[in-house]
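Comments concern the structure below.
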Amino acid sequence: MAASGCSGSSGPRSRRQLLALLASGLVLLASRQSRAGSYLDRAGLLISEAIRDNEFLARRLADRELARLVARIAAGRLQAAKETQVPREALQAHPHLLLMLEHYERAAAAAQAGEAARFRELVRSAQQEEQLFRGVLRELGWTVPPAK
């Protein structure tokens with residue numbers, strides 16, 4: 181009977197411990213997802229706006245004043261990305277986002293200098309970094325939400 185009494189009293193206790201462990205795990209998972217969600221939203225905004233600005237500029241490469249404006253906006257976007265909080269889980273992907281934004285900034289500067297071929301080369305490099313960024317996130321099980 182004593183053995184039965186011990187196992188009976190540890191049964192509910194072990195169930196409570198298991199439930200507490202599961203609840204803790206769910207809280208941690210939700211916290212991880214919310215941090216990732218915020219980061220992914222911020223990254224999505226940075227990416228979509230960088231692409232939009234550079235597509236707009238690509239149709240007007242002769243407009244150096246526009247290129248100057250896009251370069252200044254791109255510099256601000258890059259600085260914002262450097263200062264954003266990055267969840268530990270996304271640390272491997274973030275450098276690719278920074279490189280992508282840096283290439284777009286340099287592309288706009290090339291357009292401002294009248295270097296159309298260099299502009300196109302840097303836009304291609306930015307697109308490659310974006311694909312690397314998305315690939316690393318995909319390996320983590322995450323995707324950047326569309327901005328639209």
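If you use this note's numbering, the sequence shown corresponds to residues 181 to 328, in order. C-beta atoms are modelled at their ideal positions from N, C-alpha and C, and glycine is treated no differently. The structure displayed is predicted, hence computed values, not measured ones.
Report buried or exposed for Pro267, applying the criterion of at least 16 other Cβ atoms within 10 angstroms of its Cβ. buried
Is DSSP giving Leu312 helix, strand or coil here? helix
Test item: CB-CB of Leu281 and Leu225 under 9 Å: no
If you reduce the DSSP assignment to three classes, tell me which class Ser214 lands in. Annotation note: pLDDT 47 at Ser214 (below 50); position unreliable, no value reported.
Own chain residues within Cβ distance below 6 Å of Gly217, not counting five before or after: none
Please name the residue, chosen from Ile253, Tyr284 and Val316, that lies closest to Leu302 on a Cα-to-Cα basis. Tyr284
For Asp243, the three-state DSSP class (helix, strand or coil): coil
Please name the residue in Ala293, Arg318, Gln265 and Ala260 whose C-alpha comes closest to that of Leu249. Ala293
Contact check, Ala287 vs Ala273, beta carbons under 9 Å: no
Figure out for me which residue from Gln265, Ala254, Ala255 and Ala238 has the closest Cα to the Cα of Arg222. Gln265
With DSSP collapsed to three states, give me the class of Val303. helix
Do you know how far the Cα of Ala289 is from the Cα of Glu245? 11 Å
So, are the CB atoms of Ala291 and Leu241 less than 9 Å apart? yes
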